[in-house]
Each structure stands twice: as structure tokens, then as C-alpha cells.
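Undergrad: In the numbering used here, the protein residues as written are 5 to 74. Where is the CB? At the ideal position from N, CA and C, for every residue including glycine. Remember, it's a predicted structure, so these values are computed and weren't measured experimentally. Quick one: the structure is below, and I'll ask about it shortly.
Here you go:
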């Protein structure tokens with residue numbers, strides 16, 4: 005009888021820990037997505053801010069200046 009009580013107590017503690025972890029992950033899931041989306045929006049705006057479009061002649065000039073060899 006004592007072994008069954010100890011087993012049930014251990015099982016109860018494990019279940020409580022698992023439920024706590026699951027609830028914690030579900031609560032943090034929403035905040036992680038919004039932070040990730042904000043970072044993505046920030047990255048896209050920085051990317052657009054610093055993007056440079058070169059014409060063919062400008063690109064060829066850069067290749068010549070860097071001594072690019074085929």
C-alpha cells in the first residue's frame with residue numbers, strides 16, 4: 005500500500021510539472037511570434053533602406069576595379 009502511495013505521489017508531481025511546462029510554453033508562444041514578426045519587419049525595412057541597384061556598366065566597372073579574373 006505504501007509503494008502505491010509513493011508511486012501515485014510521484015506520478016502526480018510529474019503530471020503537475022508537465023502541465024506547468026505546457027501552459028508556460030503556450031503563454032510564451034504568442035509573445036515570441038510577435039517579437040519575431042517585429043524583427044522581420046525591422047530587417048525588411050533596413051534591407052530596403054540599404055539596397056543598391058547597379059546598372060550593367062556600374063557592375064562591370066566594379067568588377068574591373070576589383071581585378072576580377074574569370
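In angstroms, rounded to a whole number, what distance separates the CA positions of residue 39 and residue 12?
TA: Approximately 41 Å, taken between the alpha carbons.
Undergrad: If you draw a straight line from the alpha carbon of residue 43 to that of residue 31, how long is it in whole angstroms?
TA: So the two alpha carbons sit approximately 20 Å from each other.
Undergrad: Classify residue 12 as helix, strand or coil using the three-state DSSP reduction.
TA: DSSP places residue 12 in helix when its eight states are reduced to three.
Undergrad: DSSP state of residue 71, grouped into three classes?
TA: Correct three-state label for residue 71: coil.
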